[in-house]
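Just so you know, this note's numbering puts 243 at position 236 of the sequence shown, and the rest follows in order with no gaps. Virtual Cβ for every residue (Gly too), placed ideally from N, Cα, C. The next block holds one structure in the form of structure tokens; read it before the comments.
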Amino acid sequence: MAPIPTPHAPGRLARLVDGDTWYSFRHSPTAIVAAAIAAVCIFCALFAEFVAPHDPFDLMTLDLMDSRLPPAWIEGGSSKYLLGTDDQGRDILSALMYGARISLLVGLASVALSLVIGVGLGLLAGFVGGRLDAFIMRVCDVMLSFPSILVALLIDGVGRALFPQAHETLAFGVLILAIALTGWVQYARTVRGSTLVERNKEYVQAARVIGVPPLRIMRRHVLPNVMGPVLVLATIQVAAAILTEATLSFLGVGVPPTSPSLGTLIRVGNDFLFSGEWWITIFPGAMLVAIALSVNLLGDWLRDALNPRLR
Numbered sequence: 008m009a010p011i012p013t014p015h016a017p018g019r020l021a022r023l024v025d026g027d028t029w030y031s032f033r034h035s036p037t038a039i040v041a042a043a044i045a046a047v048c049i050f051c052a053l054f055a056e057f058v059a060p061h062d063p064f065d066l067m068t069l070d071l072m073d074s075r076l077p078p079a080w081i082e083g084g085s086s087k088y089l090l091g092t093d094d095q096g097r098d099i100l101s102a103l104m105y106g107a108r109i110s111l112l113v114g115l116a117s118v119a120l121s122l123v124i125g126v127g128l129g130l131l132a133g134f135v136g137g138r139l140d141a142f143i144m145r146v147c148d149v150m151l152s153f154p155s156i157l158v159a160l161l162i163d164g165v166g167r168a169l170f171p172q173a174h175e176t177l178a179f180g181v182l183i184l185a186i187a188l189t190g191w192v193q194y195a196r197t198v199r200g201s202t203l204v205e206r207n208k209e210y211v212q213a214a215r216v217i218g219v220p221p222l223r224i225m226r227r228h229v230l231p232n233v234m235g236p237v238l239v240l241a242t243i244q245v246a247a248a249i250l251t252e253a254t255l256s257f258l259g260v261g262v263p264p265t266s267p268s269l270g271t272l273i274r275v276g277n278d279f280l281f282s283g284e285w286w287i288t289i290f291p292g293a294m295l296v297a298i299a300l301s302v303n304l305l306g307d308w309l310r311d312a313l314n315p316r317l318r
């Protein structure tokens, strides 16, 4: 008699496709459109060297005679520059792709750093409790009492004062640190609240009884069960970090001028907004809004999709 074949367990990809999250995504037109916009922006930013029609930061290719050209569909525009040029003759479309790369890099890196700091401190505060919990929460209260943009300006200013001749890479590091140190509080408070609930459950008590070290309990048992809300918060915070970077760059304390982001492009175009060259600042602003809005909409969808009460 031939043995009865045992069914194979579905893989992660199969479980994802058949799961409730993918079903919710497929039936949400807003999420699909937001994901498509975010995917296009990320693709153009990552592969700007191959997609962009020009290299806007190659001084050998710039011609001041082509400066302040309007978009191609307006009288006086050139088909060579679809969205026009800025005051230095740089192609606006190409500058948007290269600028979006810098904005996304700073935003994602700062969120990743604040995620590590906030999750670690929140997990420690919620699991250990006592004076350590009180101290970390008081630090969070102090951080929340100041506007985040002012804290970022302070940290960025101190970093530039300590390293006045800093290399471009160090300048990026200071900016990422400034944004990260203003965003870790939300993760810490969220993780602490979830950890306070999880540490009293049976599986944690059982791990303690059999002698599992506390650090391993936090890392292997508690952490996976508190990451759901954190992932949703991180998705939304990416848009906030990109906007913070754009604000700092608009104020002149963001990324170096040699590697302008979307905020820097908006600041440059703002000088020409009332002189008729509206495209220099409108298109970078529209790109920034598209990225931030699409990420926020994805975060809202993910929050609803992961909330069992809304299914």
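Proximity to residue i [Cα-Cα], best of the options
i: ALA79; options: ASP73, ALA312 and LEU90; result: LEU90
i: MET294; options: ARG97, GLY84, GLU82 and ALA102; result: ALA102
i: ARG97; options: MET225, GLU205, GLN193 and LEU69; result: LEU69
i: GLY276; options: LEU139, SER74 and VAL58; result: SER74
i: THR202; options: LEU305, GLU56, MET225 and GLU252; result: MET225
i: ASN303; options: ASP140, ARG206, ARG227 and ALA41; result: ALA41
i: ILE287; options: PRO236, PRO77, ASP62 and PHE54; result: PRO77
i: CYS48; options: TRP308, LEU313, VAL135 and VAL296; result: VAL296
i: LEU139; options: PHE32, ALA195 and TYR210; result: ALA195
i: VAL181; options: VAL113, HIS228 and VAL219; result: VAL113
i: GLY164; options: LEU309, GLY259, ALA248 and PHE281; result: GLY259
Cβ-based neighbour list, residue i, same chain, cut-off 8 Å, excluding 5 preceding and 5 following
i: MET72; result: GLY96
i: THR271; result: GLY106, SER256, PHE257, GLY261, VAL262 and PRO264
i: GLY84; result: LEU76, PRO77, PRO78 and GLY91
Bounding residues of the alpha helix (DSSP H) (the contiguous stretch that carries residue i)
i: TRP285; result: Here TRP285 belongs to no alpha helix (DSSP H), and DSSP marks it neither H nor E.
i: GLN95; result: Taken as a continuous stretch (DSSP letters only), GLN95 belongs to no alpha helix (DSSP H), as it is neither H nor E.
i: ALA241; result: 230-257
i: THR37; result: 36-53
i: PRO138; result: Before going further, note that residue 138 is Arg rather than Pro in the sequence given. It spans 137-151 - the alpha helix (DSSP H) in which ARG138 sits, taken as one unbroken run.
i: ASP65; result: First-last for ASP65: undefined, no H or E at that position.
Contacting residues, own chain, Cβ-Cβ under 7 Å from residue i (five flanking each side not counted)
i: VAL24; result: For VAL24, the predicted structure reports a pLDDT of 46, less than 50, and the residue's modelled location is therefore unreliable. The matter cannot be settled from this model.
i: ILE243; result: ASN303 and GLY306
i: MET104; result: CYS51, ALA52, ALA55, VAL58 and ALA59
Chain-order list of residues whose beta-carbon lies under 6 Å from that of residue i (same chain, five-residue window excluded)
i: ALA116; result: ILE183
i: TRP191; result: SER121, ILE124 and GLY125
i: THR189; result: SER155, VAL158 and ALA159
i: ARG199; result: GLY129, ALA132 and GLY133
i: PRO14; result: Note that PRO14 scores 48 on pLDDT, short of 50, meaning its location in the model is unreliable and no value can be drawn from it.
Supposed contact pair residue j and residue i - C-beta distance, whole angstroms, cut 8 Å
i: THR197; j: LEU250; result: No, THR197 and LEU250 are not in contact; Cβ-Cβ is about 20 Å, not under 8 Å.
i: ILE99; j: TYR88; result: 7 Å
i: ILE44; j: SER301; result: 4 Å
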